[in-house]
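In what follows, a structure is listed as structure tokens, so that the remarks can point back to it.
Numbering (our numbering), first residue to last: 66 to 488.
What follows is the structure, encoded as structure tokens:
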């Protein structure tokens, strides 16, 4: 329904938020959600709003770090059996956001035909959404989203980064959804490097004979099929070299609790500054997000240089007795250094970097979000053990009738089969 121009004029906040919803990506959408709560909930932000924003922000940052990442969240159901999510102070149908996303993707593809593959993805997401909607308690479904190699070859890596994709990693995703006893649906996501559509299809087929296979089983299976096809050892599609394994990006983020609390506290402060809008708000959020990302990068590198140190190693001596002042200083310094290096960060939704926000056009500024970095490997030796009971992806794909599962290693191979693929 067309928005009432009089309502738009009398309620600029509502207009701003609705305008942002007509873009496939907005750096400040969470801030507008908070402002809606502050206005309509006695100057308080709903816990459900904070939970949603926290999930979205952490997922963006985790995907932007050049490491494997696993995330999970649960969609609730309403009294009409619809999957719902919390938006502007109330629970709304989840399918509504997928339909709106498809409409926006199609509009953007009309404006820029290169984005047609993204519109096709939005249609796929809508179909998957309906399948999740129809899950009954105990039912499981899994699917994948391979990297768009054909589009990358046609339009180049820079364009793919503008779309928030990772061409250097050829990163795709594995998804698993399970309907819980109360009807809610838990959705799990895992990044997969070296995206291979053929292997993704083989992994999805595992549910035909192992209907309760968990996401770890599916990821290990992907790595096993990759090992059988190309040789080598992999973790979530990433090559494991020199016996080293990498820490999960999402887990590392969560381990930096104090830094994250400061980050989300600053987002709340931006939401409370009602007179800060438009490009000025985008610029402030850009500096905060990029600075936090750069600080996390430093902490990862510090862990790499000094294995066995605390979860959140101190990058430099404390300069302030007030922790918030210390965080502000470290984030601002990390932001400045990232800008000086012209670091380009690429993550879900768009890209930041290469030049300062002051040098960007308004349209470029709106496409910014988190990013990638060179690998920061954990220096702790990987323990290669056969510790997962699952069907071996070599000798049991599929298994014989009533054949039991075997203890398999990180690549989803049993000990006997693994020996056949020694590096």
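Cβ coordinates follow ideal geometry from the N, Cα and C atoms, glycine included.
Helix or strand or just coil, what does DSSP make of residue i?
i           : result
residue 290 : helix
residue 465 : coil
residue 141 : strand
residue 303 : strand
residue 479 : strand
residue 397 : helix
residue 486 : coil
residue 279 : coil
residue 406 : coil
residue 121 : helix
residue 111 : coil
residue 175 : helix
residue 116 : helix
residue 391 : helix
residue 274 : coil
Give me whichever residues DSSP pairs with residue i in a beta bridge.
i           : result
residue 156 : 151
residue 237 : 257
residue 244 : 250
residue 472 : 454
residue 205 : 243
residue 135 : 255
residue 295 : Paired residues: none, contrary to the question.
residue 210 : 238
Just the Cα atoms here: how many angstroms apart are residue i and residue j?
i           : j           : result
residue 470 : residue 456 : 5 Å
residue 506 : residue 201 : It is not possible to answer for residue 506, since the shown part of the chain is limited to 66 through 488.
residue 490 : residue 135 : What is shown of the chain runs 66 to 488, which leaves residue 490 out entirely.
residue 138 : residue 239 : 14 Å
residue 499 : residue 124 : It is not possible to answer for residue 499, since the shown part of the chain is limited to 66 through 488.
residue 236 : residue 311 : 16 Å
residue 162 : residue 177 : 22 Å
residue 149 : residue 480 : 44 Å
residue 490 : residue 198 : The structure shown does not extend to residue 490, since the chain spans only 66 to 488, so no value can be given for it.
residue 396 : residue 244 : 40 Å
residue 388 : residue 319 : 18 Å
residue 467 : residue 196 : 29 Å
residue 164 : residue 191 : 7 Å
residue 485 : residue 478 : 10 Å
residue 452 : residue 281 : 12 Å
residue 393 : residue 355 : 13 Å
residue 114 : residue 122 : 12 Å
residue 391 : residue 366 : 19 Å
residue 102 : residue 94  : 13 Å
Measuring CB to CB, does residue i end up less than 9 Å from residue j?
i           : j           : result
residue 106 : residue 154 : yes
residue 294 : residue 261 : yes
residue 283 : residue 268 : yes
residue 462 : residue 286 : yes
residue 347 : residue 92  : yes
residue 130 : residue 399 : no
residue 117 : residue 98  : yes
residue 357 : residue 317 : no
residue 475 : residue 288 : yes
residue 232 : residue 222 : yes
residue 265 : residue 209 : yes
residue 255 : residue 337 : no
residue 277 : residue 205 : yes
In its own chain, which residues sit with a C-beta less than 6 Å from the C-beta of residue i, not counting the 5 before and 5 after it?
i           : result
residue 386 : none
residue 234 : 258
residue 353 : 331
residue 213 : 182
residue 216 : 182
residue 160 : 194
If I measure Cβ to Cβ from residue i and keep anything under 8 Å in the same chain, skipping five residues before and after, which residues do I get?
i           : result
residue 341 : 335 and 349
State yes or no: is the beta carbon of residue i nearer than 9 Å to at least one beta carbon in chain C?
i           : result
residue 478 : Going by chain labels, chain C is absent from the structure shown, which holds only one protein chain.
Return the chain-ordered list of same chain residues with a C-beta closer than 7 Å to the C-beta of residue i, the five sequence neighbours on each side being excluded.
i           : result
residue 179 : 220 and 224
residue 249 : 139, 140, 141 and 142
residue 482 : 457, 459 and 460
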